[in-house]
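Those letters in the sequence shown? Residues -1 to 79, per the numbering used here, in order. Here a beta-carbon is modelled for each residue, glycine too, at the ideal position from N, C-alpha and C. Just so we're clear, the structure is a prediction, and the values are computed from it rather than from any experiment. One structure below.
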Amino acid sequence: MEGMQGLFQSASCGVQVLSPQIFSYMEGFPEEFSIIDAYLKAARDGKKLVRRDIGSDFWIDMGTPERLEVLRSRIAAAIGK
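As structure tokens, this is what we get:
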């Protein structure tokens, strides 16, 4: 695609560390919007966006009490409790 050299596709796992400057790229946005829109505005303005590849790291969705209990069980098994 034209203008897309050096880019790649990846998914967000929902963990973000942001500079307060990102809020300036949200001005004029509706009440509900995708954070990706702010990222794209910042990138067009020459700001550097950095990602962390967690493909080989351990991670688990713990967004419900049931999933949190699965995580607790896996941690206990890993440390021998």
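**Asked** Count the other CB atoms within 10 Å of the CB of ALA40; is the residue buried (16 or more) or exposed (fewer)?
**Response** Translated into positions along the sequence shown, residue 40 becomes position 42. Classification for ALA40: buried.
**Cutoff 6 Å; reference MET60; Cβ partners in own chain excluding five residues on either side** = Reading the sequence shown from its first residue, position 62 is the one you call residue 60. Closer than 6 Å at the Cβ level, and outside the excluded window around MET60, lie LEU66 and LEU69.
**Request:** Note down the Cα distance separating ARG72 from GLN14, rounded to an integer number of angstroms.
**Result:** Looking up residue 72 in the sequence shown gives position 74. Looking up residue 14 in the sequence shown gives position 16. Cα to Cα, the separation comes out at about 25 Å.
**Message:** Closest to TYR37 by C-alpha separation, out of TYR23, PRO18, PHE27 and GLY53, would be which residue?
**Reply:** Your numbering for residue 37 matches position 39 in the sequence shown. The shortest C-alpha separation from TYR37 is found at TYR23.
**Local conformation of LYS46 per DSSP, three classes** = The residue labelled residue 46 in the question sits at position 48 within the sequence shown. It is coil, neither helix nor strand.
**Request:** Consult DSSP for PRO80 and reduce its assignment to one of helix, strand or coil.
**Result:** Outside the displayed range of the chain (-1 to 79) lies residue 80, so it cannot be described from this structure.
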